[in-house]
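Numbering (the numbering used here), first residue to last: 27 to 386.
Everything below concerns the one structure shown next.
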């Protein structure tokens, strides 16, 4: 269960450029109204979510004032809105070249690099921000994120502690820090962090769930269930609490209870294939083959390259004597296993297919 809620983000503003923001050399050659009008057009296009139109207007303004850092930053933001992260990196690099202390440009650069999975470059950008503005919360949140992405939990823990020293009332930071401590098996410190957060927000469902998850990780099932049920009294449709209760009930052999919990979780998180797998497994245990088949088909809709789902679906269809459908699913499973270099299981499926064909 990933409780890291904080991800890198950009809050760069599409700026209105006053004449004072335009270089004096440009004012001497170009009427400021020309640049201001173009910027105004860009803002209007952005408001209509016409990102191409906004980019075109800002590009024209930049041609008139090629050293205007604010225009470069706004262009970088627009490119991130289009998911054109490499283009964003290019224009933001120009902004940073012109002003190496521009915090907005550096934060935007960090975000764009993170989206390109270039986490060392993202970290470098956020670190540069913090050298300029040590208490910048946005940079600290984003730095912790990229540290986690680079498998540096110790660094991320230190960054989250730094965040809490600056902003000790942000519950999400406690959640992220507690989760990382739990991943490090530092259960006592994780519980201490969660309890500190609970004093700030005693009825926050995700926080109570995190405490339950911590108990479950330590094998304290009774306390875990108590926490999960407390979550559900506050929010009966809480996806993760229902999923976790379902998993515990499954381990206890309460398949009906597990299915009920899984179904609530699925209703809140319909694109989670793992929940559908759990539902299918529970129905198989109850020998409710039709329901299991429906669940496996849903898994395949969500993850069509999953050979295990095709395999299980095929075997369930065999038990229903739906041989033609079963063969189709098993053939897909055999092909996918082979593509994924699981030749042993592919051979097992091939034998099942041969046996079914031999029986006619």
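We put the CB at the ideal spot given by N, CA and C, even for glycine.
Candidates the options: closest to residue i by CA position
i	options	result
residue 369	132, 233, 313 and 333	333
residue 195	205, 214 and 220	220
residue 286	269, 97, 67 and 384	269
residue 244	224, 266, 232 and 209	209
residue 184	156, 168, 203 and 95	203
residue 139	158, 360 and 103	103
residue 215	237, 198 and 232	237
residue 166	199, 344 and 144	199
residue 222	235, 231, 240 and 197	197
residue 213	241, 143 and 289	241
residue 378	360, 365, 366 and 367	360
residue 65	76, 75, 86 and 78	86
residue 235	281, 338 and 271	271
residue 281	376, 331 and 305	305
residue 358	345, 349, 375 and 367	375
residue 328	351, 297, 345 and 346	297
residue 289	264, 279 and 277	264
residue 239	177, 260, 116 and 205	205
residue 381	367, 365, 142 and 349	349
residue 277	136, 95 and 308	308
DSSP-derived helix/strand/coil call for residue i
i	result
residue 380	helix
residue 336	helix
residue 357	helix
residue 314	coil
residue 125	coil
residue 282	helix
residue 120	helix
residue 298	coil
residue 221	helix
residue 110	coil
residue 331	coil
residue 346	coil
residue 179	helix
residue 184	helix
residue 321	helix
residue 293	helix
residue 51	Caution is warranted here: a pLDDT of 44 is assigned to residue 51, below 50, making its placement in the model unreliable, and the coordinate value is therefore given only provisionally. Three-state DSSP puts residue 51 in a helix.
residue 227	coil
residue 159	coil
residue 130	helix
residue 307	helix
residue 64	helix
Close Cβ partners of residue i (< 6 angstroms) along its chain, the five nearest in sequence each way excluded
i	result
residue 181	173
residue 302	321, 324 and 325
residue 371	363
residue 114	102, 105, 106 and 138
residue 310	318
residue 169	152 and 185
residue 283	275
residue 54	In this prediction, residue 54 scores a pLDDT of 44, lower than 50, which makes its location untrustworthy; no coordinate-derived value is stated.
residue 46	Here residue 46 scores only 36 on pLDDT, less than 50, and its place in the model is too uncertain to base an answer on.
residue 299	325, 328 and 329
residue 352	340, 343 and 344
residue 254	238, 267, 270 and 271
residue 149	172
residue 117	98, 101 and 102
Host alpha helix (DSSP H) of residue i (start-end)
i	result
residue 368	No alpha helix (DSSP H) contains residue 368, which DSSP labels as neither H nor E.
residue 12	Outside the displayed range of the chain (27 to 386) lies residue 12, so it cannot be described from this structure.
residue 143	That residue, residue 143, is in no alpha helix (DSSP H); it is neither H nor E in DSSP.
residue 407	For the chain, the structure presents residues 27 to 386; residue 407 sits outside this window and is missing.
residue 211	Taken as a continuous stretch (DSSP letters only), residue 211 belongs to no alpha helix (DSSP H), as it is neither H nor E.
residue 100	95-107
residue 168	163-175
residue 249	247-260
residue 194	It is not in any alpha helix (DSSP H) - residue 194 carries neither H nor E in the DSSP assignment.
residue 85	77-90
Chain-order list of residues whose beta-carbon lies under 7 angstroms from that of residue i (same chain, five-residue window excluded)
i	result
residue 192	161 and 163
residue 155	129, 132, 133, 162 and 165
residue 175	145
residue 233	197, 201, 220, 223, 224 and 227
residue 120	98
residue 247	274
residue 261	231
residue 112	142
Residues near residue i by beta carbon distance below 8 angstroms, same chain, minus five either side
i	result
residue 84	64, 65, 68, 97, 100, 101 and 104
residue 355	336, 337, 339, 340 and 343
residue 258	264, 267, 268 and 271
residue 88	94, 97, 98 and 101
Q. Between the region 105-112 and the region 120-131, do three or more beta carbon pairs fall short of 8 angstroms?
A. With a cut-off of 8 angstroms, the region 120-131 and the region 105-112 do not count as touching, because too few Cβ pairs lie within range.
Q | Segment contact flag, the region 308-315 with the region 289-296, C-beta cutoff 8 angstroms, min 3 pairs | A | Taking one beta carbon from each stretch, the region 308-315 and the region 289-296 have fewer than 3 pairs nearer than 8 angstroms; the two do not touch.
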